[in-house]
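K.L.:
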Amino acid sequence: MPDSQQDLLAGLKTRLGALGLSVHEDAKQGLVGEAQPIRSKWWFGARTVTYRMSCRPSEADRTVQFREAVTESSWGLPPPTVTVEKTRVSGWKLSGERSDVSPGGGGTIDYAKVRDAVEQAVTAAGWTFHLQGGRLP
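If you use UniProt numbering, the sequence shown corresponds to residues 1 to 137, in order.
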């Protein structure tokens, strides 16, 4: 028999934690995860790129609604940064990666890594994966 909702959430929580996200359960959103893969800071300011996701399971139709967003924020005068971004957009699916290098740090984000891992885990458990595009987690 396919996994129950609690088994699915426990498996997703473990998998998302292994991918570097801080994950917690929310009554309305299901699982909510966040990571800051790109950070650069110096005396005059800082820049961060934050990845946020949520996946809300519905036991009635055995569907997982998945939302994700990548946001960039800065304060002050952020350090000079070289950004290399290679992306592909198909509908609401953003794939590819972004790498930032600066004197105050940097990092890399793979846009599709988390979404693909969640989709594989959900379908392997016998549930249906649905990407909700255009909505923030």
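Idealized CB from N, CA, C, for every residue including glycine. Treat the numbers as computed from the prediction; the structure is a model and nothing was measured.
For Asp61, count the other beta carbons within 10 Å of its own beta carbon; 16 or more makes it buried, fewer makes it exposed. Which is it?
P.N.:
By the neighbour-count rule (16 or more Cβ atoms within 10 Å), Asp61 is not buried but exposed.
K.L.:
Given this structure, state the Cα-to-Cα distance separating Pro79 from Arg47, to the nearest angstrom.
P.N.:
Straight-line Cα distance between these residues: approximately 8 angstroms.
K.L.:
Suppose the cutoff is 7 angstroms on Cβ atoms and the five residues either side in sequence are ignored; what does the same chain contact list for Ala69 look like?
P.N.:
Excluding sequence neighbours, Ala69 sits near Arg52, Leu136 and Pro137.
K.L.:
Which stretch, first to last residue, makes up the alpha helix (DSSP H) that contains Ala121?
P.N.:
Element bounds for Ala121: Lys113 to Ala124.
K.L.:
Alpha carbon to alpha carbon, what distance is there between Gly11 and Trp32?
P.N.:
Note that residue 32 is Val in the sequence shown here, rather than Trp. Those two C-alpha atoms are separated by around 14 angstroms.
K.L.:
Does DSSP put Asp61 in a helix, in a strand, or in coil?
P.N.:
Here Asp61 sits in coil by DSSP.
K.L.:
Residue ranges of each beta strand (DSSP E) run of no fewer than 3 residues wholly in the region 79–111, ordered along the chain?
P.N.:
Listed in chain order, the complete beta strand (DSSP E) runs (minimum 3 residues) inside the region 79–111 are 82–90, 93–102 and 105–110.
K.L.:
Look up Thr50 in the DSSP assignment and give the residues it is bridged to.
P.N.:
In DSSP, Thr50 forms a bridge with Thr71.
K.L.:
In whole angstroms, give me the CA-to-CA distance for Ala121 and Lys113.
P.N.:
Using only the alpha carbons, I get a separation of about 12 angstroms.
K.L.:
My output table needs one value for Arg39: the three-state DSSP class, helix, strand or coil.
P.N.:
It is a strand residue.
K.L.:
Nearest-angstrom Cα distance between Ala124 and Val118?
P.N.:
Computed Cα separation, rounded: 10 angstroms.
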